[in-house]
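Report on the following structure.
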Amino acid sequence: MLFWGSLFAEPLTRTKVALGTFVSISADERYFKEIETAFGIINDVEASLSSYDKNSPIYKLNQSKKADINHYTFEALELSKKYYKESEGYFNISVGSITKDLYRFGEDEKVPHAKELQGADVSFEALVFNKKKHL
C-alpha cells in the first residue's frame with residue numbers, strides 16, 4: 039500500500055534575513071542550487087532598493103538626486119510610475135521627504151507642522167529616469 043506522503047520527500051527549506059524580514063524558500067532537495075540562486079537575487083534586489091545602504095542607487099538618489107541605476111531599480115521606478123498613475127497619485131514613492139525628513143520617531147519624536155508639510159517636495163512628476171540614470 040502506498041501512502042500519499044511517501045510519494046514526495048520533505049522539501050528543503052532555507053530561511054534568511056532579507057528585505058527587513060525573514061525570507062523562507064522551500065523546494066525539493068535536488069533544487070538546492072536554485073534556492074541559493076534565489077537568495078542571491080533577493081540580496082541583489084535589496085541592495086538595489088535600499089534607502090539605508092550607502093551603495094544603493096535609491097540611497098544615492100535620496101542623497102544627491104542623481105545615480106546610476108540597475109535593472110532592479112529601473113523596474114521598481116517604472117512600476118512605481120505605473121501605480122502612481124493608476125492610483126491618481128495616491129501611490130507616491132516621493133513621500134519619503136515627509137516620512138524621513140519631517141517625521142521623527144523614538145527619542146527625537148517630532149510631528150511636522152502644517153507649514154512644513156506644505157513645503158515638502160513630493161512631486162513624483164519631477165522624478166526623471168531612464169535605464170541608465172535618474173536625473
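Just so you know, this note's numbering puts 128 at position 90 of the sequence shown, and the rest follows in order with no gaps. Just so you know, even glycine gets a beta-carbon here, dropped at the ideal spot from N, CA and C.
Cβ pair residue i, residue j closer than 8 Å
i    : j    : result
F162 : S132 : yes
I73  : V61  : no
Y110 : D91  : no
N100 : S86  : no
Contact set for residue i: own chain, Cβ-Cβ below 7 Å, skip 5 residues either direction
i    : result
S44  : Unreliable positioning characterises S44 in this predicted model, as indicated by a pLDDT of 49, which lies under 50. The coordinate reading is nonetheless provided below. Contacts found: none.
S88  : S94, I96 and Y97
Y122 : F129, N130 and F162
For residue i: DSSP bridge partner residues
i   : result
K54 : V61
Neighbourhood of residue i by C-beta distance below 8 Å, restricted to the same chain and skipping five residues each side
i   : result
F77 : R52, K54, A56, V61 and I63
L50 : S64, A65, D66, E67, Y69, F70 and I73
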